[in-house]
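J.: Each residue of the sequence shown is one higher than the one before, starting from 11 at the first, in the working numbering. Sharing a structure with you now.
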Amino acid sequence: MNIIQMFSRLSSRYDFLNRIFSFGMDYFWRKAVVQELVLFPQDKVHMSLDLATGSGELAFMLADCSKVEKVIGIDLSQQMIEVANHKRLRKLMKLHLPQLQVHSNLPTFEVGDAVNIPFAGSSFDLVTIAFGIRNFCDVKRSLIGIERILKKGGYLIILEFSLQGTDNQFLKSIYWFYLWKIMPLIGGIIAREKDAYKYLAQTIERFPGGENFSTLVSGCGLQRVKIRKFFAVPVYLYIFRKH
């Protein structure tokens, strides 16, 4: 399956389907990234890069944080970037309406590869990835690239699904049924993309979670700061730092 084409086809319904499949929780998972960021010791995050930004949901949240000065979002899908830029345009238009308070520090978006990252070394204070890294064609190469572009003391924050870190077999069976039966059914009805959601279920089932993923990242030169598993769902928040 061509991943870029798949996400491009889903781009117009992507946010809507995410809200449905997560029961609206995807917003709060991304919000948790910003809440963690507020606790960082740095006064300012001058440059932030959101990899596999999709429709830009996390990038906009980061830009709304007073601690963050500039956010760039990149994604391989031109259609996803167009959706993100359309959101940006709407927010810019709202800036001209005094009754609406919209943060003026809006992110910028461009087509770019999260595996072959198109930026110079030591360029960013923060790199984020929300529910994208399990789709990368070469996760290790991406992590090595992230280590390269991070400044000394910079942070990597990742949000990702994984069934492999779930030990409770009862919960695991519920997750499995939802991923393999419910999601493809709904995805087929709403987006006519049943096979796409079967693929996404497969990536969630296979992607290493918890300690296994932490070990992989640490092997690429980044030091673990924190792992958080959200209650009753197979979603992890990882924080790493470059020393």
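For glycine and all other residues, C-beta sits at the position ideal for the given N, C-alpha and C.
What first and last residue would you give for the alpha helix (DSSP H) that runs through F250?
T.: Unbroken run through F250 is the beta strand (DSSP E), 245 to 251; no alpha helix (DSSP H).
J.: Can you find the residues in the same chain that come closer than 8 Å, C-beta to C-beta, to R65, ignoring five residues on each side of it along the sequence?
T.: A small correction: the amino acid at residue 65 is Ser; Arg does not occupy that position in the sequence shown. So the qualifying residues of the chain are S21, Y24, D25, M90, V93, A94, K97.
J.: On the criterion of 16 or more Cβ atoms from any shown chain inside 10 Å, does K104 qualify as buried, or is it exposed?
T.: exposed
J.: Whose C-beta lies closer than 6 Å to the C-beta of S132 among residues of the same chain, with five residues either side of it excluded?
T.: K161
J.: Below 8 Å on the Cβ atoms is my guess for I199 versus G155; work out the distance and round it to an integer in Å.
T.: Actually they are not in contact, since the Cβ atoms of I199 and G155 sit about 38 Å apart, beyond 8 Å.
J.: Flag this pair as touching only if the stretch 223 to 241 and the stretch 53 to 72 have three or more C-beta atom pairs under 8 Å; answer yes or no.
T.: Using a C-beta cut-off of 8 Å, the stretch 223 to 241 makes no contact with the stretch 53 to 72, since fewer than three inter-stretch Cβ pairs fall below that distance.
J.: If you compare alpha carbons, which of K191, F171, P218 is closest to F241?
T.: F171
J.: S18 by DSSP, collapsed to three states: which one?
T.: Of the three classes helix, strand and coil, the one that applies to S18 here is helix, per DSSP.
J.: By the three-class DSSP mapping on this structure, what secondary structure does Q233 have?
T.: Shown here, Q233 sits in a strand according to DSSP, grouped into three states.
J.: Is the beta carbon of A42 less than 7 Å from the beta carbon of L189?
T.: No, they are not a contact pair.
J.: May I ask you to list the residues that DSSP assigns as paired with E170?
T.: Y246
J.: With respect to the beta strand (DSSP E) encompassing I139, which residues constitute its N-terminal and C-terminal limits?
T.: 134 to 140
J.: I need the straight-line Cα distance from D85 to D53, nearest angstrom please.
T.: 28 Å
J.: So for I199, helix, strand or coil by DSSP?
T.: helix
J.: When burial is assigned at 16 or more other CB atoms within 10 Å of the CB, is N28 buried or exposed?
T.: buried
J.: Going by CA-CA distance only, name the one from V78, L72, I82, V243 that's closest to K182.
T.: V243
J.: Under 8 Å, with one C-beta from each stretch per pair, do the stretch 144 to 154 and the stretch 68 to 82 reach the 3-pair mark?
T.: no
J.: By alpha-carbon positions, which one of L61, G163, K101 ends up nearest to K8?
T.: The first residue shown for the chain is 11 and the last is 253, placing residue 8 beyond what the model contains.
J.: Where does G66 sit, in a helix, a strand or coil, going by DSSP?
T.: For G66, the secondary structure class from DSSP, reduced to helix, strand or coil, is coil.
J.: For G155, which of helix, strand or coil comes out of DSSP?
T.: helix
J.: For the candidate residues K150, L195, F31, whose alpha-carbon lies nearest to that of L226?
T.: K150
J.: Where V245 and L136 are concerned, what is the direct C-alpha to C-alpha distance, given to the nearest angstrom?
T.: Using only the alpha carbons, I get a separation of about 21 Å.
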